[in-house]
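Participant: Sharing a structure below in structure tokens format, with a few things to ask.
Protein chains: 2
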Amino acid sequence: MPKVTIAQQILAANDAIAAEIRQALAERGIRAVNVMSAPGAGKTTLLERTIERLRGQVSIGVVEGDIETSADAERIEAAGAQETVQINTRGACHLEAHMIRDALAQIDLSRVNLLFIENIGNLVCPATWELGEDARVVITSTTEGDEKPAKYPQMFAVAQALVINKLDLLPYVDYDIEKVKRQALAINPRLRIFEVSCRTGDGLDAWCDWLMSGPWKDA
Amino acid sequence: MPKVTIAQQILAANDAIAAEIRQALAERGIRAVNVMSAPGAGKTTLLERTIERLRGQVSIGVVEGDIETSADAERIEAAGAQETVQINTRGACHLEAHMIRDALAQIDLSRVNLLFIENIGNLVCPATWELGEDARVVITSTTEGDEKPAKYPQMFAVAQALVINKLDLLPYVDYDIEKVKRQALAINPRLRIFEVSCRTGDGLDAWCDWLMSGPWKDA
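As they're listed, the protein sequences go chains A and B.
Numbering-wise, the numbering used here comes out as the position in the first sequence, counting from 1, plus 1.
Numbering-wise, the numbering used here comes out as the position in the second sequence, counting from 1, plus 1.
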């Protein structure tokens, strides 16, 4: 059997599980956000700051994806998430829907209104795999260089929102933020863009407003 | 046929091509370095600075891997590489040996003594794919967070050298460089570690000395 056919079958099976997850979450009134980025762009830190800000307004659950370690899940618990579960992929470069299904079986979904799925740090592979989310968010940071949308277009094409993080480091790097926004919008004109610093808190209000109110699709 | 068997066959076929490349390069006296990192850690910038420093001492060729665009190959040519060739993987998350074989057929190897292969920006998938290189180098940067070796161990296990880049940004980030070195050496005790700033030039002499003199294996 040709390799490409096998790959298509695997993706189709994944998408079927993702559709089941999406329906199960919708029935419970839970909205899910798949958070993706290169390693070190600030996924966990953005979730920590978001959980701290939304405490008391919404009940947050987090599925933490990592190749190894439970360090991020421990940070997320400390930040105050209601429910946290760690997936270790043991080498795999992205999360798949069956991993989310198994992870969700381990937490109390009745305690969750907003579910974050923190994907593996990788700007390529996670873009192809639906996880049952309502929205996909890609984070890029000012220290990564300002040609990331052009070089990794698929990730920016599938996202509803782009968070440009580490605004506080802008004075120390060569980074043309307007170029990044132009590149990203050329790939995906409906992308919502948030410019933030998780260190100083700049821009996090607008990001949290979007999380709480939407619209998430075609905004 | 089970998926894992197919995957093993694909990897075995890749490694056979990699062995051919390694032998062909050795017969020509060319040493090859596979440069890997997360997106934005500074692969292209490190190669630019290296080419500028080694000009007149060694004749450098570069195989540039990107999902899209030829922006990096243009930077490398401007820096003064003797031969440059761009591979666009159109979505694939890593380079494979057959791509290197095809790319090398497009350049004049008689003009090259030292060949750099700049892999796709990805801390996961490239670690599994041999390309016929003599040494693998992983770059991590001070803005990516200081738990990368623990979270992406395979990449650090397969490398001969680790370059910790963006030393100039250390004052502005929370990054424990000694922790990174400890984590990396726990995974791979024979890893050579270079602390550099491609912006200020700090540490690049030691890195260039290693490139020129080795030993690259088991150093």
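Note that beta-carbon positions come from the ideal geometry of N, C-alpha and C, so glycine has one too.
Which of the three DSSP states is assigned to B/Thr90 in this structure?
Facilitator: coil
Participant: If you run the structure through DSSP and keep just helix, strand and coil, what is B/Arg1?
Facilitator: Because chain B in this structure spans residues 2 to 220, residue 1 of chain B falls outside the shown range and cannot be described.
Participant: Helix, strand or coil: which one does DSSP assign to B/Val174?
Facilitator: In this structure, B/Val174 counts as coil in the three-state DSSP scheme.
Participant: Which residues, in order along the region 94-113 of chain B, keep a beta-carbon less than 7 Å from a beta-carbon of chain A?
Facilitator: Residues are counted here when their Cβ sits less than 7 Å from a Cβ of chain A; for the region 94-113 of chain B these are Cys94, given in chain order.
Participant: Taking 9 Å as the CB-CB limit, is B/Glu179 close to chain A?
Facilitator: no
Participant: Given a threshold of 16 other Cβ atoms within 10 Å of its Cβ, counted over all protein chains shown, does B/Gln10 qualify as buried or as exposed?
Facilitator: B/Gln10 should be labelled exposed.
Participant: Measure the C-alpha to C-alpha separation of B/Ile121 and A/Gly133 and round it to an integer number of angstroms.
Facilitator: The alpha-carbon atoms of B/Ile121 and A/Gly133 are separated by roughly 28 Å.
Participant: If I measure Cβ to Cβ from A/Val238 and keep anything under 6 Å in the same chain, skipping five residues before and after, which residues do I get?
Facilitator: No answer is possible for residue 238 of chain A: it lies beyond the span of chain A, which begins at 2 and ends at 220.
Participant: So, is A/Thr201 buried or exposed, given that buried needs 16 or more other C-beta atoms within 10 angstroms?
Facilitator: exposed
Participant: In this structure, how does DSSP classify A/Ala128 when only helix, strand and coil are distinguished?
Facilitator: Reduced to three states, the DSSP call for A/Ala128 is helix.
Participant: Label B/Met1 either buried or exposed according to how many other C-beta atoms from any shown protein chain fall within 10 Å of its C-beta, with 16 as the threshold for buried.
Facilitator: The structure shown does not extend to residue 1 of chain B, since chain B is modelled only from 2 through 220, so no value can be given for it.
Participant: Around the Cβ of B/Ala220, are there at least 16 other Cβ atoms within 10 angstroms (buried) or fewer (exposed)?
Facilitator: Bear in mind that the predicted position of B/Ala220 carries a pLDDT of just 38, short of 50, making it unreliable; the figure below should be weighed with that in mind. Looking at its Cβ environment, which holds fewer than 16 other Cβ atoms inside 10 Å, B/Ala220 is exposed.
Participant: Kindly give me the distance between the Cβ atoms of B/Trp130 and B/Leu96, rounded to whole angstroms, as I take these residues to be in contact under 8 Å.
Facilitator: Cβ-Cβ separation between B/Trp130 and B/Leu96: approximately 7 Å, consistent with a contact (criterion under 8 Å).
Participant: So is A/Ala42 buried or exposed if we call it buried at 16+ other beta carbons inside 10 Å?
Facilitator: When all chains shown are included, A/Ala42 counts as buried.
Participant: Where does A/Gly254 land, buried or exposed, given buried means 16+ other C-beta within 10 angstroms?
Facilitator: For chain A, the structure presents residues 2 to 220; residue 254 of chain A sits outside this window and is missing.
Participant: Quick one: list the residues of chain B neighbouring A/Gln83, beta-carbon separation under 9 Å, in chain order.
Facilitator: Residues of chain B passing the Cβ test: none, with the nearest at roughly 25 Å.
Participant: For B/Asp67, which residues in chain A fall below 8 Å Cβ to Cβ?
Facilitator: Lys152
Participant: Going by Cα to Cα distance, which pick from B/Leu55, B/Pro216, B/Val181 is closest to B/Glu145?
Facilitator: Selected option, being the one with the closest Cα: B/Val181.
Participant: Under three-state DSSP, which class holds A/Met2?
Facilitator: Caution applies to A/Met2, whose pLDDT of 45 falls short of 50 and renders its modelled position unreliable; the model cannot decide the point.
Participant: Beta-carbon of B/Gly202 versus every beta-carbon of chain A: anything under 9 Å?
Facilitator: So, not an interface residue.
Participant: In the region 112-126 of chain B, which residues sit with their C-beta less than 8 Å from some C-beta in chain A, listed in chain order?
Facilitator: Within the region 112-126 of chain B, the residues whose Cβ lies closer than 8 Å to some Cβ of chain A are Ile121, Gly122, Asn123, Leu124, Val125, Cys126, listed in chain order.
Participant: Measuring only the C-alpha atoms, how far is B/Asp206 from B/Ala82?
Facilitator: 19 Å
Participant: Under the rule that 16 or more other beta-carbon atoms within 10 Å means buried, what is B/Met213, buried or exposed?
Facilitator: Result: exposed.
Participant: Reducing DSSP to helix, strand and coil, say where A/Ala162 ends up.
Facilitator: strand
Participant: From A/Ile52 to A/Val197, what does the alpha carbon distance come to, in whole angstroms?
Facilitator: 15 Å
Participant: Is any beta-carbon of chain B found at less than 9 Å from that of A/Gln9?
Facilitator: no
Participant: Which whole-angstrom value is the C-beta distance of B/Leu115 and B/Ala160, which I expect to be below 8 Å?
Facilitator: With a Cβ gap of about 18 Å, B/Leu115 and B/Ala160 do not count as contacting.
Participant: Can you check whether the C-beta of B/Asp16 is within less than 9 Å of a C-beta belonging to chain A?
Facilitator: no
Participant: Could you spell out where the alpha helix (DSSP H) holding A/Asp73 opens and where it closes?
Facilitator: 72-80
Participant: State yes or no: is the C-beta of B/Ile22 within less than 9 Å of the C-beta of B/Ala33?
Facilitator: Yes, Cβ-Cβ distance for B/Ile22 and B/Ala33 is below 9 Å.
Participant: Which residue's Cα is closest to the Cα of B/Val113: B/Leu55, B/Leu186, B/Ala8, B/Ile194?
Facilitator: B/Leu55
Participant: Tell me which residues of the region 131-155 of chain A have at least one Cβ-Cβ distance to chain B shorter than 9 Å, keeping chain order.
Facilitator: Thr141, Ser142, Thr143, Thr144, Glu145, Gly146, Glu148, Lys149, Ala151, Lys152, Tyr153, Pro154, Gln155
Participant: To which residues does DSSP link A/Leu116 through a beta bridge?
Facilitator: The beta-bridge partner set that DSSP reports for A/Leu116 consists of A/Ala33, A/Gly62.
Participant: Count the other CB atoms within 10 Å of the CB of B/Gln58; is the residue buried (16 or more) or exposed (fewer)?
Facilitator: exposed
Participant: Consider the Cβ of A/Leu221: report whether some Cβ of chain B lies at a distance smaller than 9 Å.
Facilitator: This structure leaves residue 221 of chain A out entirely; chain A is present only between 2 and 220.
Participant: Interface residues of chain A around B/Lys167 at Cβ under 8 Å?
Facilitator: Thr144
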